[in-house]
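Residue numbers (this note's numbering): 161 to 385.
Here a beta-carbon is modelled for each residue, glycine too, at the ideal position from N, C-alpha and C.
Computed from a predicted structure; not experimentally measured.
Right, one structure below, let's go through it.
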């Protein structure tokens, strides 16, 4: 899961990054209006934590742009401004939630999980396809009721495949989702090949009913039974 933090306060930004990375989220940051505008224009995020007061512009302007592009429903506004007007404007622009500073990190984490559940699968905490069940909260995979151990990247790759079953997934889309925006700097996608090779072996050994098919020169497709 990829989260963008738009926050100009360095201390809070670093605290949020450390906390979210411990929960196995892939985290990107923007500290001003310009960098945030560029990131939301180039990349898709599962959740955006958005401050209203930013150097160079307003977070509400960013939210308006997100709404125009159909991306505002996964935004949580985090702001020291406890103004009812700002809150109403943000929610009218499609923000999913509003949290006033200061707040407890545990409360923010709970709000993020709620947004991700609503965004991805109508509130469910698991993904199940064939004889697989992926527990998103515990980050565990079960095949035919048996636990299958996955590393962090293998879990994120399988999660992305299950959310996009029977669809062609390009290597670049998969790399961006699992490894983040800096993937643009990679010379090739060999690292994806090795992660998927290991994931396939684990699925095969556990007699999974799904199959990850290679589409030559393009990417992959997860086929369900």
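Taking a contact to require three or more Cβ pairs closer than 8 Å, the region 188-198 and the region 208-226 qualify as touching.
Between residue 328 and residue 381, the C-beta spacing is below 7 Å.
With a 10 Å radius around the Cβ and a threshold of 16 neighbouring Cβ atoms, residue 308 comes out buried. In the structure shown, residue 253 adopts coil according to DSSP, grouped into three states.
For residue 295, there is no enclosing alpha helix (DSSP H); the residue is found in the beta strand (DSSP E) stretching over 292-295. When secondary structure is reduced to three states using DSSP, residue 377 falls in the coil class, being assigned neither helix nor strand. Sequence-distant partners of residue 223 (beyond 5 residues in either direction) whose C-beta falls short of 8 Å from its own C-beta, in its chain, are 210, 232, 235, 237, 250, 253, 254, 255. Residue state for residue 226 is assigned as helix, using DSSP reduced to three classes. In the displayed model, residue 216 falls within coil according to three-state DSSP, outside both helix and strand. The alpha-carbon separation between residue 326 and residue 183 amounts to approximately 29 Å.
DSSP places residue 288 within a strand segment (E or B) once states are collapsed to three. Taking the CA atoms as reference points, residue 285 sits about 29 Å from residue 248.
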